[in-house]
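In order, the protein sequence lines correspond to chains A and B.
First residue of the first sequence: 923, per the numbering used here; consecutive thereafter.
First residue of the second sequence: 923, per the numbering used here; consecutive thereafter.
Glycine included, C-beta positions come from ideal geometry on N, C-alpha and C.
Fair warning: this is a prediction, and the values are worked out from it, not measured in the lab.
Number of protein chains: 2
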Amino acid sequence: MKKKKILIAQGGGPTMVINKSLVGIIEEAKKNNYDILGSKNGVNGIINSKFVELTKISKEKLFLVENSPGAALGSTRDKPDKNYCKKILEVLFKKKINTFFYIGGNDSSDSLRIISEANPDIQCVHVPKTIDNDLVLNDHTPGFGSAAKYVASVFAGINLDINSLPGVYLGVIMGRHAGFLTAASSLLKKKITDGPHLIYLPESNFSLDNFLSDVDNIFIKKQKCIIAVSEGIKFSNGQLVGEKISKLNEQDAHGNIQLSGSSVLGDYLSNQIKIKLGIKRVRADTLGYAQRSFLGCVSEVDQREAKKLGKESVKFSKQYDSSFSICIKERGRNLNTYSFEIGQNKLIDIGGKTKYMPDYFINRKKNYVSNSFFKYALPLIGKKFPDFGNLI
Amino acid sequence: MKKKKILIAQGGGPTMVINKSLVGIIEEAKKNNYDILGSKNGVNGIINSKFVELTKISKEKLFLVENSPGAALGSTRDKPDKNYCKKILEVLFKKKINTFFYIGGNDSSDSLRIISEANPDIQCVHVPKTIDNDLVLNDHTPGFGSAAKYVASVFAGINLDINSLPGVYLGVIMGRHAGFLTAASSLLKKKITDGPHLIYLPESNFSLDNFLSDVDNIFIKKQKCIIAVSEGIKFSNGQLVGEKISKLNEQDAHGNIQLSGSSVLGDYLSNQIKIKLGIKRVRADTLGYAQRSFLGCVSEVDQREAKKLGKESVKFSKQYDSSFSICIKERGRNLNTYSFEIGQNKLIDIGGKTKYMPDYFINRKKNYVSNSFFKYALPLIGKKFPDFGNLI
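(1) At a Cβ threshold of 7 Å, is Ile1155/B touching chain A?
(2) Alpha carbon to alpha carbon, how far is Arg1286/B from Arg1255/B? Give it in angstroms, no decimals.
(3) Hey, out of Ser1126/B, Met1279/B, Gln1225/B and Asn1267/B, whose CA is closest to Glu988/B's CA?
(4) Taking the straight line between their C-alpha atoms, what separation do you get for Pro1308/B and Tyr1298/B?
(5) When the Cα atoms are used, what is the spatial distance from Lys925/B to Asn955/B?
(6) On the criterion of 16 or more Cβ atoms from any shown chain inside 10 Å, does Lys1112/B qualify as buried, or is it exposed?
(7) I'd like to know if Ala993/B contacts chain A, where contact means its C-beta is closer than 7 Å to some C-beta of that chain.
(8) Does any C-beta atom of chain B lie closer than 7 Å to the C-beta of Pro936/A?
(9) Output the distance between the C-alpha atoms of Leu984/B and Asn941/B, rounded to the nearest integer angstrom.
(10) Cβ of Leu1011/B within 7 Å of Cβ of Ala1040/B?
(11) Of the residues Glu949/B, Lys981/B, Gly1089/B and Gly1026/B, which one's Cα is nearest the Cα of Ile1201/B?
(12) For Val1076/A, which of helix, strand or coil comes out of DSSP?
(13) Out of curiosity, what's the CA-to-CA distance linking Ser1129/B and Thr1063/A?
(14) Which residue comes first and which comes last in the beta strand (DSSP E) that contains Thr1021/B?
(15) Suppose the cutoff is 8 Å on Cβ atoms and the five residues either side in sequence are ignored; what does the same chain contact list for Phe1310/A look like?
(16) Is it true that the CB of Ile1053/B sits closer than 7 Å to the CB of Gly1067/B?
(17) In angstroms with no decimal places, state the Cα-to-Cα distance between Gln932/B and Ile1025/B.
(18) Label Asp1189/B either buried or exposed according to how many other C-beta atoms from any shown protein chain fall within 10 Å of its C-beta, with 16 as the threshold for buried.
(19) Listed from N- to C-terminal order along the chain, which residues in the segment 1021–1055 of chain A have their beta-carbon within a distance smaller than 8 Å of any beta-carbon of chain B?
(20) Tyr1091/A versus chain B: which residues are under 8 Å apart at the beta carbon?
(21) Can you tell me whether Gln1213/B is helix, strand or coil according to DSSP?
(22) Kindly indicate the opening and closing residues of the beta strand (DSSP E) around Ile1148/A.
(23) Give a yes or no on whether the minimum CB-CB distance between Phe1066/A and chain B is below 7 Å.
(24) Could you compute how far the alpha carbon of Asp1207/A sits from the alpha carbon of Ser1135/B?
(25) Would you verify that the beta carbon of Phe1296/A is, or is not, closer than 7 Å to some beta carbon of chain B?
(26) Just verifying my parser: in three-state terms, what is the DSSP assignment at Leu995/B?
(27) Can you list, in chain order, the residues of the segment 945–971 of chain B whose Cβ is nearer than 7 Å to any Cβ on chain A?
(28) Between the alpha carbons of Leu1215/B and Ser990/B, how many angstroms are there, rounded?
(29) Can you tell me the Cα-Cα spacing of Leu1300/B and Val1076/A, whole angstroms?
(30) Tell me which residues share the same chain as Gly1160/B and place their Cβ nearer than 6 Å to its Cβ, disregarding the 5 neighbours each side in the sequence.
(31) Enumerate in chain order the residues of its own chain whose CB-to-CB distance from Ala1069/A is below 8 Å, with the five nearest sequence positions on each side excluded.
(32) Hey, is Ser1086/B's beta-carbon within less than 7 Å of any beta-carbon in chain A?
(33) So is Asp1043/A buried or exposed if we call it buried at 16+ other beta carbons inside 10 Å?
(34) At which residue ranges does the segment 925–997 of chain B contain complete beta strand (DSSP E) runs of 3 or more residues, listed in the order of the chain?
(35) Phe1216/A CB to nearest chain B CB: under 7 Å?
(36) Leaving out the 5 sequence neighbours to the left and right, which residues in its chain are closer than 7 Å to Ala1100/A when beta-carbon positions are compared?
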């Protein structure tokens, strides 16, 4: 019997554990004595014939790789159309690939759908990753737990910092469509009085008046206020708040002082707090790439699951001939115990779709998370945290 | 003999190890059977009679506190003038304080100088802390090593991220006057080709033309460029680059779209790269409060030294009657072995002064650090890092 030959690629924004899934696939494929090829920079490396031989890669190298943030094979933002996918198929045939494993978000799974629909003879396997946690039919996705741990650790530290020097702190968090990562800012709170005190999500309509009134209420009571804001907050007409501010700013600006950078939202909201509420000490941070790539802040649960999903995707690919997306099955509303069960979805059910925070993860006032969210997300960030306290 | 009574306070921006120094003082004072009082929010708590009784504090509580970022007693930005110091003195007398320990930066040490000059009978002891590492006559200051580890860990992760998805990344780092923390972005590089590729410090005059030309050169060669920029970079006339941009922007802006936030510098420089060099994928992050408060990223060397400095400040205070600032003695240019020696300085020699990066820590082109800087700073961030690697 001819040896099976597989191709692995990584697509979209890297995460802290995307290489765990990669190494999971490689280790399981090695057990099965497959020929293993990697593509550099996702699908882009396929059409440009940039491959990495992975069949004989050493255990030592794999150990280094699996503990590294970033995509070890390189990634891509290419979103293949039908023609692009045709080229991919040609190369896969030429290279005699039996199964193509693509680790990525919903764009990557959609590319696989197009390829597998064009020719069902090549098996396409999608292994999910995204810090946004916004894949439908997945309880959660590898990458989220570690990013959530990073965000929670930032806010746990900020809480102690603002406790020392009171004022208003506003942190803008990644997530254009879904608020899971922003909500995670709350996960390391020890006391009800700890920050963050307010959380604004893309799932709820944003009103500047309500926002300022919320901040004012908290600040009057506590002389401090810690706020987590998603970069994806929207007005009731669906327009991104950050986008509207950038546009207004560009219209107003002359010469080459055009500030439409990533930090505009945080700077705008903190200026509004200063001007409208007359609070002097206001600081805004826009949490950056470190959310997905910080070296040394990783959830051991996320790592374990990411690797397991890689391994299981190889096992499932032996059992099924058709293409699929591997997943962590949804717990639904039964959040009292944490369960980790692996299943599969059809590619067509995943690609190009977005999962949002359900209503029952958000409080009634739409400015904080619910207890259900804590139950849902807390197990995902692991248990390796320093405990902390203060004297005032 | 009457029991000795001491007062402890924390001032200025918190660090990840400022509580190590606090607990070092408390533990050593307990050994000596002192009465120990803490002041809430630095000198502000003294004049407002907000004190915390610390003599009988439990070991368990101290353990929690010493591992927490933030100032456990609270901090202050108050910079006392002579009248303020007079009030402080009155309270210290009323409370029968023999020695006042103030953990803080050069502002705090200057407050102590004023107090001790007004009445030499009360011994004032300054215990240094600052993430900026800018205290003269100190080899380095507690707080810097952990902040440096955080910044180095961000850039190590960014390097792997930008390796996956090439482009330009620019990170703006804290430090208004001294570039030590910005320079630390380089400390976890494994290969010469790893980022950061360019580092801009407050110690060297900034030229936008030279900056763009540097970025262009790197990007043409590598198709990527990772840049670390200090928030304190200045033009040759001494004006802060960030300040100039904020002012231009405020003049240009109408209505309430006045963006003068903390992120203006990074957004401006990344826009310049996009516009003038025509590079599409450019991302700027302004590293925020997490640099001084992130929970769970701390240098074990920094922790040990911060605690030791607290303990030694109590021992020194028994040997000397006069006021002083405890310090880690300067290594000078002999950087081949790391030495940690404790000494003391006069308050007048520390307060209100700033230490800058010496010339021999900066390269000839003023766009990177020298090997001497690596030798100087690498021991300070400790050794607890995950190793990392990739496949391309």
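This is what the structure gives:
(1) Taking the first residue of the second sequence as position 1, residue 1155/B is located at position 233. No, Ile1155/B lies away from the interface with chain A (no Cβ there is under 7 Å from its Cβ).
(2) Within the second sequence, the letter at position 333 stands for residue 1255/B. Within the second sequence, the letter at position 364 stands for residue 1286/B. Rounded to the nearest angstrom, the gap between the Cα atoms of Arg1255/B and Arg1286/B is 18 Å.
(3) The sequence position of residue 988/B within the second sequence is 66, counting from 1. Here the closest residue by C-alpha is Gln1225/B.
(4) Counting from one through the second sequence, the residue named residue 1308/B turns up at place 386. Counting from one through the second sequence, the residue named residue 1298/B turns up at place 376. In a straight line, the C-alpha of Pro1308/B is about 22 Å away from that of Tyr1298/B.
(5) Against the second sequence, residue 925/B aligns to sequence position 3. Against the second sequence, residue 955/B aligns to sequence position 33. One C-alpha to the other measures close to 7 Å.
(6) Indexing the second sequence from 1 puts residue 1112/B at position 190. Lys1112/B counts as exposed, since fewer than 16 other C-beta atoms from the protein chains shown sit within 10 angstroms of its C-beta.
(7) As a position in the second sequence, residue 993/B is number 71, starting the count at 1. The beta carbon of Ala993/B falls within 7 Å of a beta carbon belonging to chain A, placing the residue at that interface.
(8) The residue you call residue 936/A lines up with position 14 of the first sequence. Output row for Pro936/A: interface = yes.
(9) Residue 984/B sits at position 62 when you count from the first residue of the second sequence. Residue 941/B sits at position 19 when you count from the first residue of the second sequence. Rounded to the nearest whole angstrom, the C-alpha separation of Leu984/B and Asn941/B is 9 Å.
(10) Working through the second sequence from its first residue, we reach residue 1011/B at position 89. Working through the second sequence from its first residue, we reach residue 1040/B at position 118. Yes, they are a contact pair.
(11) Residue mapping note: residue 1201/B aligns to position 279 of the second sequence, counting from 1. It is Gly1089/B whose Cα lies nearest to the Cα of Ile1201/B.
(12) Position 154 of the first sequence holds residue 1076/A. Residue state, collapsed to three classes: helix.
(13) Here residue 1129/B is taken as the residue at index 207 of the second sequence, counted from 1. Here residue 1063/A is taken as the residue at index 141 of the first sequence, counted from 1. Approximately 45 Å, taken between the alpha carbons.
(14) For the purposes of this step, residue 1021/B is taken as the residue at position 99 of the second sequence. Thr1021/B -> beta strand (DSSP E) spans Thr1021 to Gly1026.
(15) The count along the first sequence starts at 1 and reaches residue 1310/A at position 388. Within the same chain, Phe1310/A has close Cβ partners Ala1078, Leu1082 and Lys1112.
(16) Here residue 1067/B is taken as the residue at index 145 of the second sequence, counted from 1. Here residue 1053/B is taken as the residue at index 131 of the second sequence, counted from 1. No; because the gap between Cβ atoms is not below 7 Å, this pair is not in contact.
(17) Within the second sequence, numbered from 1, the residue matching residue 932/B stands at position 10. Within the second sequence, numbered from 1, the residue matching residue 1025/B stands at position 103. Straight-line measurement puts the Cα of Ile1025/B at about 5 Å from the Cα of Gln932/B.
(18) To locate residue 1189/B, count along the second sequence from 1; it is residue 267. Classification of Asp1189/B: buried, given that the 10 Å Cβ count is 16 or more.
(19) So nothing in the stretch comes that close.
(20) One-based indexing of the first sequence puts residue 1091/A at position 169. Tyr1211, listed in chain order.
(21) For the purposes of this step, residue 1213/B is taken as the residue at position 291 of the second sequence. In this structure, Gln1213/B counts as helix in the three-state DSSP scheme.
(22) Counted from its first residue, the first sequence places residue 1148/A at position 226. Segment Cys1147 to Ser1152, the beta strand (DSSP E) holding Ile1148/A.
(23) To locate residue 1066/A, count along the first sequence from 1; it is residue 144. Not closer than 7 Å to any Cβ of chain B, the Cβ of Phe1066/A fails to qualify, so no.
(24) Taking the first sequence and counting its residues from 1, one reaches residue 1207/A at position 285. Taking the second sequence and counting its residues from 1, one reaches residue 1135/B at position 213. Here the C-alpha atom of Asp1207/A lies approximately 29 Å from the C-alpha atom of Ser1135/B.
(25) For this step, residue 1296/A is matched to residue 374 along the first sequence. No, no contact with chain B.
(26) Sequence index remark: in the second sequence, residue 995/B carries index 73 (1-based). Of the three classes helix, strand and coil, the one that applies to Leu995/B here is coil, per DSSP.
(27) Here the close residues are Gly960 and Lys962.
(28) Indexing the second sequence from 1 puts residue 1215/B at position 293. Indexing the second sequence from 1 puts residue 990/B at position 68. The sequence shown places Ser at residue 1215/B, not Leu. Cα-Cα distance, rounded: 9 Å.
(29) As a working note, residue 1300/B is residue 378 in the second sequence. As a working note, residue 1076/A is residue 154 in the first sequence. Near 24 Å, if we compare the C-alpha coordinates of Val1076/A and Leu1300/B.
(30) Counting from one through the second sequence, the residue named residue 1160/B turns up at place 238. Cβ neighbours of Gly1160/B beyond the five flanking positions: none.
(31) Start at 1 with the first residue of the first sequence, and residue 1069/A comes out as number 147. Excluding sequence neighbours, Ala1069/A sits near Thr937, Met938, Ile1053, Met1096, Leu1103, Ala1106, Gln1213 and Arg1214.
(32) On the second sequence, residue 1086/B is found 164 positions in, with the first residue counted as 1. By this cut-off, Ser1086/B is an interface position.
(33) Along the first sequence, one-based indexing puts residue 1043/A at 121. A residue is called buried when at least 16 other Cβ atoms come within 10 angstroms of its Cβ; Asp1043/A does not meet this threshold and is exposed.
(34) 927–932, 957–961 and 973–975, all fully within the segment 925–997 of chain B.
(35) One-based indexing of the first sequence puts residue 1216/A at position 294. The C-beta of Phe1216/A comes closer than 7 Å to at least one C-beta of chain B.
(36) Along the first sequence, read from residue 1 onward, the residue named residue 1100/A stands at position 178. Once the five neighbours on either side are set aside, the close Cβ partners of Ala1100/A are Asp1054, Asn1055, Asp1056, Pro1124, Thr1276, Lys1277, Tyr1278 and Met1279.
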